[in-house]
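Accompanying notes for the structure given below.
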């Protein structure tokens, strides 16, 4: 079986080629007479192919008569997709030298949610969607604030608690430093799922980031956002993918298991009601079959089969604050990373670890 490893690196600030930056900055600043100003919505993916190869290999998904490469420089490519037969409003795609792909649109949010994201889903697993932790959001915003040279304040935030319970906080007329929001979330036993930030006068920066990989820009320098937010978030996703890679038993010398752990920051599985609710959450995981081997006192043990690529793995509690995921004979990193993202959204954020490091 072929494996893909996305060549990540320790990220540093990197200049976007001028010819590409200029076109994307024009898109950010673009206004249309008679329309309210729409934000530029961006979402990142890990891509197993170049855009040229992808559009050729998955031609049935690209119903656009015009797939145009409009700029190319230093390993970067900027494409525009437009058609009356598919995504009428059109969108842009930026490919980096590492084959990270960012899909971008100035169309209304409902188009992005109901048209562009389902389109990208059709390209799975060639495109693997980026997702992040609350800590990663904090780090990229801190880096962006330093690069921008202006303090960032929070206007609205969505936080999540255990089992994906959402609660919001909107600030009107009171500037709250964005760092305070993350501290508040921590004291409430929660994490930041979405946050919108702005500079003090709202003249240079108005943008939002979320754990599901979406970045929305109403004002701001695209080059700085690319360097300090988009690239780091995608490179962290690449590291998660590499962590999940080569876990299946058939890739091991003697077919031995190669499990990994998801460790939480508090005791959870000493409570039977948490175990039962976690089982119910996993039972809602789409495109899979599951078998409950054991549930309740004192542990949870489930077998999961992914219908999208026939991957199989087991999930079991291991102690009071750890889940162990055990890939079976055939298990792809695509399936594992999709499941981990699901748990992060619907259960709780946890830290990926090797068993020897956490025990």
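In our numbering, the protein residues as written are 552 to 910.
Quick reminder that beta carbons are idealized off the backbone N, C-alpha and C, glycines included.
Bear in mind the structure is a predicted one, so any value in this text is a computation, not a measurement.
{"Item": "Answer with buried or exposed for residue 696, where buried requires no fewer than 16 other C-beta atoms within 10 angstroms of its C-beta.", "Value": "buried"}
{"Item": "Extract the residue ranges of the alpha helix (DSSP H) inside the stretch 836-884, only unbroken runs of 4 or more that lie entirely within it.", "Value": "none"}
{"Item": "If you pair each beta-carbon of the stretch 867-878 with each one of the stretch 795-812, do three or more pairs fall below 8 Å?", "Value": "yes"}
{"Item": "In whole angstroms, what separates the C-alpha of residue 870 from that of residue 901?", "Value": "14 Å"}
{"Item": "Is the CB-CB distance between residue 647 and residue 627 below 9 Å?", "Value": "yes"}
{"Item": "Quick check: what's the CA-CA separation for residue 699 versus residue 805?", "Value": "52 Å"}
{"Item": "What are the partner residues of residue 510, as DSSP defines its beta bridges?", "Value": "It is not possible to answer for residue 510, since the shown part of the chain is limited to 552 through 910."}
{"Item": "State the Cα-Cα distance for the pair residue 661 and residue 641, rounded to the nearest angstrom.", "Value": "14 Å"}
{"Item": "Below 8 Å on the Cβ atoms is my guess for residue 717 versus residue 744; work out the distance and round it to an integer in Å.", "Value": "7 Å"}
{"Item": "By the 10 Å Cβ neighbour count, where 16 or more other Cβ atoms means buried, how is residue 592 classified, buried or exposed?", "Value": "buried"}
{"Item": "In chain order, what residues of the same chain lie with their CB nearer than 8 Å to the CB of residue 562, ignoring the 5 residues before and after it?", "Value": "Low local confidence applies: a pLDDT of 39 at residue 562 is under 50, so the model's placement there is unreliable, and no value is given."}
{"Item": "For residue 665, count neighbouring Cβ atoms within 10 angstroms of its own Cβ and tell me buried if that reaches 16, exposed if not.", "Value": "exposed"}
{"Item": "Would you check if the stretch 753-761 and the stretch 730-741 touch, i.e. whether three or more CB-CB distances between them fall below 8 Å?", "Value": "no"}
{"Item": "Once DSSP output is grouped into helix, strand and coil, what is the label at residue 728?", "Value": "strand"}
{"Item": "Taking the beta strand (DSSP E) that residue 760 belongs to, which residues open and close that run?", "Value": "757-761"}
{"Item": "Apply the 10 Å Cβ neighbour rule to residue 571 and answer buried if 16 or more other Cβ atoms are within range, or exposed otherwise.", "Value": "buried"}
{"Item": "Any idea what DSSP makes of residue 576, helix, strand or coil?", "Value": "helix"}
{"Item": "Nearest-angstrom Cα distance between residue 936 and residue 801?", "Value": "In this structure the chain extends from 552 to 910, so residue 936 is not present and cannot be described."}
{"Item": "Identify which residue in 568, 702, 764, 864 has its Cα closest to the Cα of residue 886.", "Value": "864"}
{"Item": "Kindly indicate which residue of 793, 813, 719 has the alpha-carbon position closest to the one of residue 907.", "Value": "813"}
{"Item": "If you drop the 5 nearest sequence neighbours on each side, which residues of the same chain put their C-beta closer than 7 Å to that of residue 821?", "Value": "871"}
{"Item": "Within the same chain, show all residues whose beta-carbon is closer than 6 Å to that of residue 566, passing over the 5 residues directly before and after it, in chain order.", "Value": "none"}
{"Item": "Looking at the unbroken alpha helix (DSSP H) that takes in residue 522, where does it start and where does it end?", "Value": "The chain is shown only over 552 to 910; residue 522 falls outside these bounds and no answer can be derived."}
{"Item": "Ordered along the chain, which non-local residues of its own chain (more than five positions away) have a Cβ less than 7 Å from that of residue 780?", "Value": "691, 695, 760, 766"}
{"Item": "If we ignore side chains and look at the alpha-carbon of each, how far apart do residue 632 and residue 644 end up?", "Value": "8 Å"}
{"Item": "Can you name, in chain order, every residue of its own chain whose Cβ lies under 8 Å from the Cβ of residue 728, other than the five neighbours on each side?", "Value": "702, 703, 704, 705"}
{"Item": "Which residues does DSSP list as the beta-bridge partners of residue 644?", "Value": "630, 654"}
{"Item": "Nearest-angstrom Cα distance between residue 659 and residue 770?", "Value": "16 Å"}
{"Item": "For residue 894, tell me which candidate among 858, 830, 794 has the shortest Cα-Cα distance.", "Value": "830"}
{"Item": "Between residue 853 and residue 866, which are expected to be in contact by the criterion C-beta below 8 Å, what is the C-beta distance as a whole number of angstroms?", "Value": "5 Å"}
{"Item": "Within the continuous beta strand (DSSP E) that includes residue 622, where are the two ends?", "Value": "617-624"}
{"Item": "Is the separation between the beta-carbon of residue 569 and that of residue 653 shorter than 9 Å?", "Value": "no"}
{"Item": "Taking residue 838 as the reference, give the member of 620, 732, 672 with the closest Cα.", "Value": "672"}
{"Item": "By the three-class DSSP mapping on this structure, what secondary structure does residue 719 have?", "Value": "strand"}
{"Item": "Is the separation between the beta-carbon of residue 855 and that of residue 792 shorter than 9 Å?", "Value": "no"}
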